[in-house]
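Numbering (our numbering), first residue to last: 5 to 403.
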Ligand code: MG
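In structure tokens:
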């Protein structure tokens with residue numbers, strides 16, 4: 005059933021799509037741990053080869069979106085549109101799917117769904133061509149990958165004193181340093197549990213612990229509602245040589261970000277929830293941030309991330325992808341980071357640092373971090389496979 009013949013390679017069309025919601029979320033699961041559930045999209049070609057992707061969005065909504073009934077030309081069933089597509093034509097396919105879902109898609113959820121499909125399509129194309137995804141994206145500009153490790157002590161709850169959270173952060177920093185990470189990001193999502201002045205002290209202690217062994221970035225988790233308040237604290241952190249300050253203000257307050265970034269105290273970043281290059285353009289032109297952090301499983305997949313990276317390069321903005329999902333996203337971010345100069349590093353959810361079941365069990369193999377570096381991923385495709393026993397164990401039957 006070949007549609008195209010290229011040398012010895014036979015490219016065959018997509019014949020089926022599966023949408024697989026999985027959850028390892030128990031009653032005690034941290035409510036901010038977005039890696040405790042995921043939705044995998046698996047595409048199969050006429051020769052039985054398969055590609056996988058995932059979306060960082062509520063699994064039931066992604067399933068519903070991909071399988072919705074066709075209403076009209078701009079509101080079509082993606083699952084139906086995919087059938088017969090040549091997976092190697094990733095860009096053209098993306099455009100068809102985007103235009104076919106303009107009414108309900110375009111931003112937000114529809115693009116999250118498209119992200120999973122696009123990642124799966126790249127994985128499948130790589131399998132068909134016998135190539136790793138980074139080669140499909142233009143090739144490796146770096147062979148040594150440089151992720152940063154996020155330190156997250158768990159959610160701030162009334163039954164967990166601040167001292168416990170700080171102690172857990174310190175423990176995780178020790179683990180990260182033991183693994184050789186040379187860049188860490190500290191989550192400071194403490195809400196009203198602590199004052200701004202407490203945050204400064206927490207950062208001071210973290211710097212003492214890290215010494216010269218690793219750089220430190222900070223995530224404020226949308227702490228402030230105006231740039232003035234945010235700046236008062238950021239000014240006090242200047243001497244700590246902070247790599248970047250993430251999410252200081254509300255996600256949609258782009259003008260506030262611009263005011264904060266104009267002071268130039270510390271690199272300001274955001275846009276972890278943003279979809280498509282159009283939204284990132286607003287972050288760059290209106291928000292004037294130094295760093296944008298879209299996520300490949302949300303922003304539109306590899307196809308859109310390449311456009312975003314080009315946009316960043318043109319504007320001298322750094323691209324540091326967000327990542328808090330499973331091994332599928334880790335592989336995707338690794339391939340992408342290898343290919344684009346604007347993508348200086350990427351967020352790495354280490355299962356050795358933060359205990360997360362799906363991250364640990366859903367895919368294999370797990371690349372080894374050595375001296376804070378990951379090796380260039382090997383293909384074909386993403387180079388990771390689903391662990392079928394984990395899929396069976398965590399599959400959500402009814403969504
Ligand atoms: Mg974040």
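Positions of the beta carbon are idealized from the N, C-alpha and C atoms, including for glycine.
For clarity, every value in this text was computed on a predicted model and none was experimentally measured.
DSSP has residue i in a bridge; who is on the other side?
i, result
"residue 188", "153, 220"
"residue 47", "21, 55"
"residue 27", "41"
"residue 250", "223, 273"
"residue 420", "Past the edges of the chain, shown from 5 to 403, lies residue 420, and the structure says nothing about it."
"residue 76", "79"
"residue 385", "136"
"residue 108", "According to DSSP, which records beta bridges pairwise, residue 108 is partnered with nothing at all."
"residue 148", "379"
"residue 399", "26"
"residue 390", "367"
Does any heavy atom of the ligand MG sit closer than 7 Å to the C-beta of residue i?
i, result
"residue 326", "yes"
"residue 163", "no"
"residue 250", "yes"
"residue 223", "yes"
"residue 322", "no"
"residue 159", "no"
"residue 58", "no"
"residue 289", "no"
"residue 172", "no"
"residue 276", "yes"
Check whether the Cβ of residue i lies closer than 7 Å to any heavy atom of the ligand ATP, and answer yes or no.
i, result
"residue 397", "Of the ligands one can find in the structure shown, namely the ligand MG, none is the ligand ATP."
Could you tell me whether the Cβ of residue i comes closer than 8 Å to any Cβ of chain B?
i, result
"residue 316", "In the structure shown, chain B cannot be found, because there is only a single protein chain."
- Could you tell me whether the stretch 287-297 touches the stretch 267-274, where touching means 3 or more Cβ pairs closer than 8 Å? The stretch 287-297 vs the stretch 267-274: in contact.
- Message: Extract the residue ranges of the beta strand (DSSP E) inside the stretch 319-374, only unbroken runs of 3 or more that lie entirely within it.
- Response: Correct list: 350-352.
- Cβ contact (3+ pairs, closer than 8 Å) linking the stretch 97-108 and the stretch 19-38: Output reads no: the stretch 19-38 does not touch the stretch 97-108.
- Message: Contact between the stretch 63-83 and the stretch 302-316 is defined here as three or more beta-carbon pairs at a separation below 8 Å; is this criterion met?
- Response: The stretch 63-83 makes no contact with the stretch 302-316; the number of CB pairs closer than 8 Å stays below 3.
- So, do the stretch 360-379 and the stretch 173-186 have three or more beta carbon pairs nearer to each other than 8 Å? Yes, the stretch 360-379 is in contact with the stretch 173-186.
- Task: Kindly confirm or deny that the stretch 116-134 and the stretch 45-53 touch, where touching means at least three C-beta pairs closer than 8 Å.
- Result: Taking one beta carbon from each stretch, the stretch 116-134 and the stretch 45-53 have 3 or more pairs nearer than 8 Å; the two touch.
- Query: Are the stretch 343-360 and the stretch 315-330 in contact at 8 Å, needing three or more beta carbon pairs?
  - Reply: Because the criterion of three Cβ pairs below 8 Å is met, the stretch 343-360 and the stretch 315-330 touch.
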